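Have a look at the structure below before the remarks.
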Amino acid sequence: MARKKIVAGNWKMNMTPSQAVALCAQLKDLVVNPDVDVVYCVPAIDIVPVIEAVKGTNVQVGAENMYFEEKGAYTGEISAEMLVDAGVKYVIIGHSERRDYFKEDDALLNKKVKKAISAGLTPILCCGESLEQREMGVTMDWIRFQIKSDLVGVTADQVKDIVIAYEPIWAIGTGKTATTEQAEEVCKGIRECICEMYDEATAAAVRIQYGGSVNAGNAAELFAQPDIDGGLVGGASLKADFGKIVCY
Ligand code: PEP
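Here it is in structure tokens:
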């Protein structure tokens, strides 16, 4: 069965609640493509107003992070249960900014992935190499390590429904997109890794996005690759161009 494309915006730490609602109104008619699942991953404080603002549209809402514990003394954190209750469907886990600035390691990310799945959220699990790793020729080794560590204890049936985002760190927010060949090569490698860990049917079902300076000009070529099932989009998700990416 063909995999449905999925294009998700990662708003990062942008958009106050009122700006968020205005952006939803601006994008409303631009992001309609029945062949693509459209997701806005938004800052925690924007979740409730954005869910209200996209009611009745084709847009689903995602969080940019969550904690793995159910509740309790974890000041500043948000639980999977809170997200589900608010109407959130997706959650980004392991974005390179969280791995780097907030020191989230693969053991923690594995707990988050399992918690998200058990609560009924779809994780968008990010992986990606640094420029140094690419130049050293260890890109695929590193990504395989991340995927294998982050999916410990996750079953084949669960993996079929998650989204994996391949985001080379050197391409995020830099305007430097991976070439189509580089992006496809790694996304294909991730699918092969899933096949080894699980089976062919699971590998064929899991959706793998490319992320890293995706824009209105390069989306069509990237999304046409056999192993790229859409994109995780940062900067370009905050403007009308996001519509052109969704309707590539
Ligand atoms: C991201 O934040 O996940 C991302 C890919 O950002 P950008 O599109 O701005 O490179």
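Going by my numbering, the residue at position 113 of the sequence shown is 113; the numbering climbs one at a time, nothing skipped. Yeah, the Cβ is synthetic: ideal placement off N, Cα and C, and Gly gets one too. In this text the structure is predicted, and so the values were computed from the model without any measurement.
In summary, M15 is buried, with 16 or more beta-carbon neighbours lying within 10 Å of its beta-carbon over all protein chains present. Per DSSP, the unbroken alpha helix (DSSP H) holding D141 starts and ends at T139 to D150.
For E167, the shortest separation between its Cβ and any heavy atom of ligand 1 lies below 7 Å.
The beta-bridge partner set that DSSP reports for P226 is empty.
Counting along the chain, no alpha helix (DSSP H) covers A44, and no H or E run does either. A Cβ-Cβ distance of about 13 Å is found for the pair I45 and V61, leaving them out of contact under the 8 Å criterion. A contact between stretches requires three or more CB pairs, one per stretch, nearer than 8 Å, and the segment 233-241 fails this requirement with the segment 177-192. In this structure, DSSP gives K5 an extended state, which the three-state scheme calls strand. Within the segment 35-107, the complete beta strand (DSSP E) runs of at least 3 residues fall at 36-42, 59-63 and 90-93. Approximately 7 Å separates the beta-carbon atoms of V39 and I6; this is inside 8 Å, confirming the contact.
Remark: the shortest separation between the CB of S213 and any heavy atom of ligand 1 falls under 7 Å.
Between ligand 1 and N33, a heavy atom-to-CB distance of less than 7 Å is absent.
Put simply, of V214, Y90, Q225 and N215 the residue whose alpha carbon is nearest the alpha carbon of G120 is Y90.
DSSP places P123 inside the beta strand (DSSP E), whose first and last residues are T122 to C127.
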